[in-house]
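First the structure, in the form of structure tokens, and then the observations on it.
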Amino acid sequence: MDIKLSKTGDKLDPDLFNTVAQGVARRIAGDDPKKTDNKPTQLRRFYDEIVLWDNKVLMHPEKFDEYLPFIRMLNAKAAYAKGRKLVDENFVGLLNSCLQQVINPETLHTFKLFMEAFMGFYKQERPN
Numbered sequence: 023m024d025i026k027l028s029k030t031g032d033k034l035d036p037d038l039f040n041t042v043a044q045g046v047a048r049r050i051a052g053d054d055p056k057k058t059d060n061k062p063t064q065l066r067r068f069y070d071e072i073v074l075w076d077n078k079v080l081m082h083p084e085k086f087d088e089y090l091p092f093i094r095m096l097n098a099k100a101a102y103a104k105g106r107k108l109v110d111e112n113f114v115g116l117l118n119s120c121l122q123q124v125i126n127p128e129t130l131h132t133f134k135l136f137m138e139a140f141m142g143f144y145k146q147e148r149p150n
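As structure tokens, then:
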């Protein structure tokens with residue numbers, strides 16, 4: 023997945039929260055109407071946890087390094103959800119790709135904003 027959470031120079035990719043997020047949402051939603059994994063409510067749980075960590079870091083940026091292992095533990099939670107057939111490998115790959123890029127409070131916040139845009143487009147692609 024070609025998602026870049028860090029800035030190039032001093033700018034984010036202007037399409038990150040638009041066409042990039044929409045393309046990822048389409049790919050993860052898939053074409054099969056009978057698909058039983060990647061339900062919006064399941065993906066929302068991951069998004070909610072990302073928001074939780076972003077809020078903690080916004081309140082205590084000096085604790086980012088202490089929080090980072092727990093933030094990256096989302097990969098393990100996604101693997102567990104995949105094992106239970108609640109999410110697919112595309113969603114696990116999305117989280118893995120983005121979490122590898124979370125290296126400071128700024129990239130965590132960008133990740134949270136990207137997931138916010140992704141969730142909006144995902145609801146459009148897969149309403150239920």
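For the record, in the sequence shown the residue sitting at position 1 is 23 according to my numbering, with numbers rising by one throughout. Built from N, CA and C at the ideal position, the CB exists for glycine as well.
Residue pairing by DSSP places Thr30 opposite Lys33 in a beta bridge.
In summary, Thr63 is exposed, with fewer than 16 beta-carbon neighbours lying within 10 Å of its beta-carbon over all protein chains present. Distance check between Asp59 and each of Lys26, Val109 and Val73 places Val109 closest, using alpha-carbon atoms only. In the same chain as His131, and ignoring 5 residues on each side of it, the C-beta atoms closer than 7 angstroms to its own belong to Asp76, in chain order. According to the DSSP assignment, His131 belongs to the alpha helix (DSSP H) that extends over Pro127 to Glu147. The C-beta distance from Gln123 to Leu27 rounds to 4 angstroms, short enough to meet the 8 angstroms contact threshold. Setting aside the 5 residues that flank it on each side, Leu96 is surrounded in the same chain by Phe68, Glu71, Ile72, Leu117 and Leu121, each with a C-beta closer than 8 angstroms to its C-beta; the list follows chain order.
With a contact defined as Cβ atoms closer than 8 angstroms, Ala47 and Glu147 qualify at about 5 angstroms.
Here Arg94 carries a helix assignment [DSSP, helix/strand/coil]. By the C-beta density criterion, Phe92 is exposed, having fewer than 16 other C-beta atoms within 10 angstroms. Judged by DSSP in its simplified three-state form, Ile72 adopts helix. The beta carbon of Phe86 sits closer than 7 angstroms to those of Val79, Asn126 and Pro127, all from its chain and outside the five residues before and after it, given in chain order.
Between Phe136 and the set Lys57, Ala100 and Gly45, the nearest pair of CA atoms involves Gly45.
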